[in-house]
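Take a look at the structure below.
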Amino acid sequence: MIAAAWLCLLAPLAGALAITFGGQRLSRRAAGWLSTASVFVAFGGAVVAFFAMVGRDTAAQRSELSTPFTWLSAGTFHVGMSILVDPVSIVMMLVVSGVGGLIVLYSIGYMEGEDEERRYFAYMAFFVFAMLLLVEGGNLLLLLAGWGLVGLASYLLIGFYHQRPEAVAAAKKAFIMNAIGDATMALGFFLLIAKTGTLSYGASFAAAPHLSSTTVNLVALGLLGGAVAKSAQLPLQTWLPDAMEGPTPVSALIHAATMVTAGVYLIVRTHPIFEQAHHVEDLAAGLGAATLVIAGLIALVQNDIKRVIAYSTMSQIGYMFLGAGLGAYANAMFHLVTHAFFKALLFLAAGVIIHHLAGEQDIRQMGGLKKFMPKTWLVFLVGSLSLVGVPPFSGFWSKDAIVATALARGGIYGWILFVAALFGALLTGIYTFRLFFRVFYGEPSALVLEHAGAAHGDHGHGTESATGHSEHAHGEAPQTMALPVAILAVLSTVGGLLQVAGAWHPFGRWIAQTGAPLVEPTTSQDWIVSVITVAIGLTGSWVAWAIYRTGRLAVPSAPGLQRLFEHKFYFDELYDAVVSRPAQLVASRLRTDFEGPYVEGSLVEIGHAGGDAGGLVARLQTGRLRVYAFAIAASLVVLGIVFLAVR
Amino acid sequence: MLTTALIVVPFAAALFLWLFPLPREYASAFAILASLVEVGLWIGGAIRFDFSGGLQFSARHNWFSDLGVSYHVGFYGFSLWLAGLTVVVCACSIGYGVWAGREHPRAYFGLMLFLTGSVVGVFASQDLLLFYAFFEAMLIPLYVLVGVWGGPNRVRATVMFVIYTMVGSLLMLASIVAFGISQHTFSLVDSGTSGNNWIFLGFALAFAVKAPLFPFHGWIRQAYTEASPEVAAVLSGVVSKAAVFGFIMIVLPHFPGPVHDFRTTILVLAAIGLAYGSVLAFRQPDIRGVIAYSSLGQMSLIILGVFASSSLGIDGAVLQSVTHGLVSAAMFLLAGMVERQWGTGEFARLGGAAKGRPVLTTMLLVAGMFTLAVPGSANFAGEFLILAGVFPLGWGYAAVGAVAMVLAAMYTLRVLSAVLHDRKSDAPDVSSADLRFGQLALVVPLVACLLALSVWPNAVSGHSFSRTPNLAIFQYVHAGPFQTGQVHMAGK
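For the protein sequence lines, the chains are F and P, in the order given. Quick note: to get my numbering, add 129 to the position in the first sequence (first position is 1). Quick note: to get my numbering, add 17 to the position in the second sequence (first position is 1).
Below, the structure written as structure tokens:
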């Protein structure tokens, strides 16, 4: 089991290194296949490890730590280079390498003809490695290492189109916001080391109940800071929509299916700490609820197809935070898995559309695409129904479980969270089908018609291969793109059957081996909530249908709210005014008003006063170098003779 | 023997270059050869080194027995790492000098080798007067290298540098004499402790200037931008570590009382320097200015670790010394390559370098990620240990460190996009040549060391003091107010 897990971790790293060092000797296509193969090898390792784990009986046997050497130590503080394979990490390994492999495969078709394809595929393999390090890392410091490296991969890939200033700015923003999260996590770790002397999972979790409540709350708060930054939750959410500047497969892999859900994994992984910090748990759930509502509202007014899906991602991760904060670890992880399927599907389908329309992302330029892209229409419908939570698609099973958990928590806070989750379901229905109808129905725009004609001839991408081209004759995508989309569509349809409320709980029991749920809804609560949630989701879809398909309803006129949503609740403006500008001002003023005149300036005065010294040095440059060198040598010799003589 | 060879080889090579009129090619080749021999000697030593054995490879000859002065050299675990940093960085810098084709090659390479030998001598010294001699011998070639081969404002830069370091050196000489006479020996191994605040301050000030520590950093901006890139690389990467060595070898073990009294003052100054350097780095108009102030921040961080009086802090400080030395040298050399191609290091006239230059882009990105200490890198490991070590003395220090982590991301990414991405309208058109093999050979060893240390940072942190907890001179560290593992939660 452990050997397979190591293979899973190291294969993508080997792929990334091979592409980096191969350089120009590798053809672009070979780089793509190498990257894909390395990620699928990782998936194979994960599958082998999974079946080995299933073959073991007890939860204790199913959790295995492997430490080949000490990564970092000082005094009695040790951090091993260790990986932990247990039921939670194996789920993440399967999702990361499986969905990752499909998306890298898709990229072969999508990135064809781009400049610097090799760089792209090296980064993608590196990302998968970093993400696997994050989920397999066997102690908190290695988790933080993976945490930082996925941030680096994300930075590199968001800024992949480095000639576009927007992409570079978005990459910087993402990195810096994540650095804030890294810093709060590190602070939490410093406190943990001071109090327990260790960062290993086992020892620090065992010590958590013995810590003072202030300590454990602060540690949990530090962890939560990292989680909200990585998962784009309030208040560190503003980087995610901008991250859509990266290539679409990157958005699918990093900014939907895997990296942004790392915060949820973190809470589940460190649940023994969070369980001692009730206020921070409630805060996590509350931030999740607030994010799912706010992101849903913003998604209503976005016109960029990728940004709509990005806000939807924020919103769905809000559900996961809600579940994880309430202690429903299995439900949160379940939604993480199904979301990885259907959100990757939506992004990849959107990528097919963008690819087809030669890069256009504005949904106002689309319309009537159903006629020209029937297969894409079908898979997009599957993804949308799953996102809205319509049975039997996967999102139905997982989202309802979280909403039911909020109801089961009870109390005023539980009711607030419950209502927020239901409101979020309504918003999901509206924004999802607004997008769907805008893109696929209505009159085809000029742009769509132009590209529909082009599908039979030149496609705008000059160098299509023979197979790719024949696929294009059908008007959609090359096989490397179509196959992953088809597989994800199947997974989005049936993936929810991992768990059926009241009847079948293999997934819940599996995760419970690592973290037993704190709150569990009863079967009746489950079914009641399901009926309500589906009804609300369908209502939302109907509203979208009435507005955007039939025009029976008008868009409600509320210019103030509209502006608020369009400006994303003014978070960017707020941070700019409160943090960015003052910091830059302070830095500039320090430089001109303190460092210059006082620290450096005082010296200049002395320098002028001691003009002789300046003159002496000035003479050095007039070619008397040899004299000077001789002087040094001579003085050393004299010094030596004096020392010897005195002795 | 080995230690003496490490010191003598570069001095002898320097003397040879000065005395014999070799043509440029031979002089260059000879200098590179000498620096590689130095690296080879060090590797041979490191392989045979016993990291749990205290002082090793030592040689001792009485010089003035009545004064208690001796030629006494040798290495502890931590100083072996500092010496390793020296030989690697100096070899790459000499290589850069060859590539850049400096004028007066014999004088120039002789001085660089002389500098190498002096710095190794500083790290090997076990006698105060010997330490002083090497410390001064290290400064003289620097004055000349900055003053003669520097940029347009080199005179001013040299004057500032000379004034600062001369003041520091004189104070240190006075302290050394006073300390040695009161102890009846200049040996660092034999001498005991002193409670004299004035002697302590003489040493502390000299090292505070050298490091530099806020507010004694007035010379760095000029010196780091006016010196030629390879000299700046040695200056910030290696020479600054002489201060770390001085604090660890002289100040901590021999002045426990004053260290205790002044610890808070030094920690506060270091914390201010960390924040101040990071903030100023964010508004610098050119690459080297950013590296200069970033170095101020990083050196302050190392001083925080040295005075954290915990094994996390001091082991982290040694690790951070090595990683900062490597990365700041790599950044200065890369900055030099950019400046040569574009004719400027100012952000306002750079940009768009990434297009068509995959190798330069990769090297700058990798070096940049080590500069900002991305979690998972060796630089992060050192920073993490230091801040975790100083945390129990006051959470405020760690909080400043956390803010500095974010600032480091901000100023480093600013450099990367200013050079690689944002194309300015008045940027000069230059040939789109990427780095060639020769240039790569100068930077790749530094980056490779950093990558290797990221895989196994414990090579340094776990092989400095951890294995010799009973060493007399490091009792201070282990008797500090904070010991890890107070709550006994064993396990890895």
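Ideal placement from N, C-alpha and C gives every residue a C-beta, glycine not left out. As the structure is a computational prediction, the values presented were derived from the model and not from experiment.
For Met-422 (chain P), the residues of chain F that pass the 8 Å Cβ criterion are Ala-308, Asp-311, Ala-312 and Ala-315, in the order they occur in the chain. Using a Cβ-Cβ distance cut-off of 8 Å, the stretch 395-407 of chain P and the stretch 460-480 of chain P are in contact, since at least three pairs of beta carbons, one from each stretch, lie closer than that value. With a cutoff of 8 Å on beta-carbon distance, Ala-337 (chain F) and Ile-402 (chain F) are scored as near each other.
Here Asp-491 (chain F) is exposed. Its C-beta has fewer than 16 other C-beta atoms within 10 Å.
By the Cβ neighbour-count rule, Lys-500 (chain F) is exposed, with fewer than 16 other Cβ atoms within 10 Å of its own.
Residue range 454-472 is occupied by the alpha helix (DSSP H) that includes Ser-471 (chain P). Contact annotation: in the stretch 322-335 of chain P, residues whose CB is within less than 9 Å of a CB in chain F are Ser-327, Ser-328, Leu-329, Gly-330, Ile-331, Asp-332 and Gly-333.
Contacts between Asp-439 (chain P) and chain F, judged by CB atoms closer than 8 Å, involve Pro-294 and Val-297 in chain order.
The C-beta of Ser-311 (chain P) comes no closer than 8 Å to any C-beta of chain F. Here Gly-342 (chain P) is not near Gly-406 (chain P), since their CB atoms are 8 Å or more apart. Using beta-carbon distances, Ala-415 (chain P) counts as an interface residue toward chain F, with a partner under 8 Å. Close partners of Ala-450 (chain P) in chain F (Cβ separation under 7 Å) are lacking, with about 16 Å as the shortest Cβ gap.
Of the candidates F:Glu-695, F:Phe-562 and F:Arg-638, F:Phe-562 places its Cα closest to the Cα of Leu-667 (chain F). In the DSSP assignment, Asn-268 (chain F) forms a beta bridge with F:Ser-329. By the Cβ criterion, the stretch 351-369 of chain F is in contact with the stretch 316-331 of chain F, since at least three pairs of Cβ atoms, one from each stretch, lie closer than 8 Å. Taken in chain order, the complete beta strand (DSSP E) segments of 3 or more residues contained in the stretch 31-88 of chain P are 73-81. Around the beta carbon of Trp-506 (chain F), 16 or more other beta carbons lie within 10 angstroms, which makes this residue buried. Going by DSSP, Glu-356 (chain P) is part of the alpha helix (DSSP H) stretching over 328-359. Remark: C-beta atoms of Ala-473 (chain F) and Ala-606 (chain F) do not approach each other more closely than 8 Å. With a minimum length of 4 residues, the unbroken runs of alpha helix (DSSP H) contained wholly in the stretch 388-464 of chain F fall at 391-398, 400-403, 407-428 and 434-455. Per DSSP, reduced to three states, the secondary structure at Ser-156 (chain F) is coil, with no helix or strand assignment. Residue pairing by DSSP places Phe-206 (chain F) opposite F:Ala-203 in a beta bridge. Secondary structure note for Glu-193 (chain F): its beta strand (DSSP E) is the uninterrupted segment 193-195. Taking the Cα positions, Phe-272 (chain P) is about 37 Å away from Pro-246 (chain P).
Residues of chain F whose Cβ lies closer than 7 Å to the Cβ of Ser-483 (chain P) are, in chain order, Ser-202, Ala-203 and Gly-204.
Val-296 (chain P) reaches chain F at Ala-712, Val-715, Ala-716, Leu-719 and Arg-720, counting residues in chain order whose Cβ is nearer than 9 Å. Annotated three-state conformation of Phe-92 (chain P) is strand, per DSSP. Pro-232 (chain P) has a beta carbon lying within less than 8 Å of a beta carbon in chain F. Rounded to whole angstroms, Pro-169 (chain P) and Ala-244 (chain P) show a C-alpha spacing of 10 Å.
Taking 8 Å as the CB threshold, Glu-724 (chain F) lines the interface with chain P.
Boundaries cannot be given for Val-648 (chain F), as no alpha helix (DSSP H) includes it and DSSP labels it neither H nor E.
In the structure shown, Val-163 (chain P) adopts helical secondary structure according to DSSP, grouped into three states. Taking 8 Å as the threshold, the shortest C-beta distance from Arg-248 (chain F) to chain P falls below it.
With fewer than three CB-CB distances shorter than 8 Å, the stretch 273-290 of chain F does not count as touching the stretch 157-171 of chain F. A contact is defined here as three or more CB-CB pairs under 8 Å, and the stretch 138-148 of chain P meets this definition with respect to the stretch 183-200 of chain P. With respect to the C-alpha of Val-226 (chain P), the residue from P:Gln-239, P:Ser-204 and P:Met-183 having the closest C-alpha is P:Met-183.
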